[in-house]
Amino acid sequence: MPLSEAVQNTIAFLKMAAIELRRIAEQPSDVGTDVLRVAEKLEDEAADMERRGSGARAL
73 MPLSEAVQNT IAFLKMAAIE LRRIAEQPSD VGTDVLRVAE KLEDEAADME
123 RRGSGARAL
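Okay, structure coming up:
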């Protein structure tokens with residue numbers, strides 16, 4: 073059974089978030105701003121999923 077579009081989008085986002093967090097972890101600079109940016113992306117994705125009516129049920 074193929075995955076729903078919402079699940080595919082979630083998987084893609086999670087992979088992107090993992091890549092971004094690894095990039096942040098490798099930087100010796102102040103990471104606070106970068107971490108906040110990733111947190112905002114996570115919140116935006118969650119809000120988008122809620123608007124589409126999928127929420128946690130899609131997973």
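Our numbering applies: residue 73 is where the sequence shown begins, and numbers increase by one.
All residues carry an ideal CB built from backbone N, CA and C; glycine is no exception.
Excluding five sequence positions before and after V107, the CB atoms of its chain that fall closer than 8 Å to its own CB belong to I96, given in chain order. Between the alpha carbons of G104 and A84 lies a distance of about 24 Å.
One alpha carbon belongs to D102, the other to A119, and they sit about 28 Å apart. Spanning the alpha carbons of E115 and A90 requires a straight line of approximately 15 Å. Straight-line measurement puts the Cα of T82 at about 16 Å from the Cα of L93.
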